[in-house]
Amino acid sequence: MSQNLPRTDPRPKVRLYVEQPLGQGQHIAVSQEQVHYLGNVMRMKPGEAVALFNGRDGEWRGVLTALAKRGGEAECDGQTAPQLNPPDLWLLFAPIKKARTDFIVEKAVEMGAARILPVQTEFTNSERIRRDRLQAHAVEAAEQSGGTHVPGVADLAPLARVLADWPEDRVLWWADEGLAGSDPIADPAPAPAAILIGPEGGFSPTERARLAALPFVRRLSLGPRILRADTAAVAALTLWQARHGDWG
Ligand code: SAM
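If you count the sequence shown from 1, position 216 lands on 234 in this note's numbering, and the numbers rise without skipping.
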């Protein structure tokens, strides 16, 4: 739930993600948590408007018709933005420490990743992730960034299995720390594409050999210095978006 849109924006500044279909006159349930935010944090009252989006139907102005302790309701009153899906770019990353993993998910949404896939590599620090928590982070980041798309966060899966099931028409840009200080930055291929970022320990020799042998994998250098995994994710997404993305 966010108030980050500029005050001059004709769209309501408070944005809420909802699951229900959005359309003129639709009545949309507002959850208890959202009511708490609207009523107690934002001090909003029935009759005021919020922006609603569900990841499918664009953004709609929703006039609050009820705000009760157990939940509320809003009525859709006109579309304020069309559905805008980002280019078909996936981000694969090996989870690191909790706060840094949260950062990667948040930034991936802001930068316009279409899908987020945590992968378990040999040197992955964390064996487990709370997918639902990361998905909630993705929703919050979409609310804050004014986006209408919420990337799905997949369950943690072994890198080997993800590679075995890989759709061959999708180029996988392997951010390879082994290139640091040697080759120039490669030019990433257009969508459908994906970026792979390793954990703090980097990729194991076995993983490196496997990745290097796969026909859909290209190696990507992120410059002469070794970046932390969270920095590397943002840098790689920036490179790709600047070249092939929806930044204009
Ligand atoms: N421990 C590794 C080492 O010392 O070589 C560094 C791993 S780095 C902290 C985490 C991940 O960020 C890497 O696996 C890679 O995917 C990416 N990365 C960091 N710097 C990079 C660079 N200069 N070029 C390409 N990828 C980079």
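Each residue gets a CB set at the ideal place from its N, CA and C atoms; glycine is no exception.
Selection from the options that minimises the alpha carbon distance to residue i
| i | options | result |
| --- | --- | --- |
| residue 107 | 116, 130, 86, 113 | 130 |
| residue 93 | 104, 196, 79, 99 | 79 |
| residue 196 | 45, 227, 249 | 227 |
| residue 161 | 73, 151, 53, 40 | 73 |
| residue 90 | 265, 53, 96 | 53 |
| residue 68 | 87, 50, 86, 46 | 46 |
| residue 281 | 247, 262, 206, 191 | The displayed coordinates of the chain run from 19 to 266. Any statement about residue 281 would go beyond what the structure contains. |
| residue 181 | 136, 220, 34, 219 | 136 |
| residue 189 | 204, 249, 234 | 234 |
| residue 86 | 75, 41, 98, 49 | 49 |
| residue 239 | 164, 58, 109, 198 | 198 |
| residue 98 | 120, 231, 83, 75 | 75 |
| residue 102 | 224, 139, 215, 132 | 132 |
| residue 82 | 173, 62, 100, 148 | 62 |
| residue 200 | 243, 175, 59 | 243 |
| residue 216 | 170, 39, 193 | 193 |
| residue 35 | 179, 159, 206 | 159 |
| residue 321 | 153, 60, 232 | No information on residue 321 is available, as it lies outside the stretch 19 to 266 that the chain covers here. |
| residue 208 | 249, 179, 122, 257 | 257 |
| residue 77 | 60, 32, 148, 246 | 32 |
| residue 28 | 96, 251, 218, 156 | 96 |
| residue 206 | 55, 126, 177, 261 | 261 |
| residue 168 | 147, 248, 126 | 126 |
| residue 251 | 204, 40, 122 | 122 |
| residue 259 | 211, 59, 57, 156 | 211 |
| residue 70 | 43, 111, 59 | 43 |
| residue 138 | 154, 173, 237 | 173 |
| residue 247 | 65, 134, 214 | 214 |
| residue 249 | 57, 56, 124, 60 | 124 |
| residue 236 | 263, 264, 253, 203 | 203 |
Beta strand (DSSP E) segment containing residue i, residue limits
| i | result |
| --- | --- |
| residue 268 | Outside the displayed span of the chain (19 to 266) sits residue 268, for which this structure offers no information. |
| residue 238 | 235-238 |
| residue 215 | 211-215 |
| residue 162 | Where residue 162 is concerned, there is no enclosing beta strand (DSSP E), although the alpha helix (DSSP H) it sits in stretches over 149-163. |
| residue 77 | 77-86 |
| residue 59 | No beta strand (DSSP E) holds residue 59; DSSP gives it neither H nor E. |
| residue 34 | 33-35 |
| residue 42 | Run containing residue 42: none; DSSP gives neither H nor E here. |
| residue 107 | 107-111 |
| residue 135 | 133-138 |
Residue range of the alpha helix (DSSP H) that includes residue i
| i | result |
| --- | --- |
| residue 265 | Run containing residue 265: none; DSSP gives neither H nor E here. |
| residue 68 | From DSSP, residue 68 is part of no alpha helix (DSSP H) but of the beta strand (DSSP E) over 67-71. |
| residue 51 | 50-54 |
| residue 121 | 116-129 |
| residue 228 | 223-231 |
Determine contact between the stretch 107-123 and the stretch 138-153, defined as no fewer than three beta-carbon pairs at a distance below 8 Å. yes
Segments of 4+ residues assigned as alpha helix (DSSP H) that fall wholly inside the stretch 161-192: 177-182
Assess, as a yes-or-no matter, whether the stretch 210-225 is touched by the stretch 163-170 under the definition of 3 or more beta carbon pairs within less than 8 Å. no
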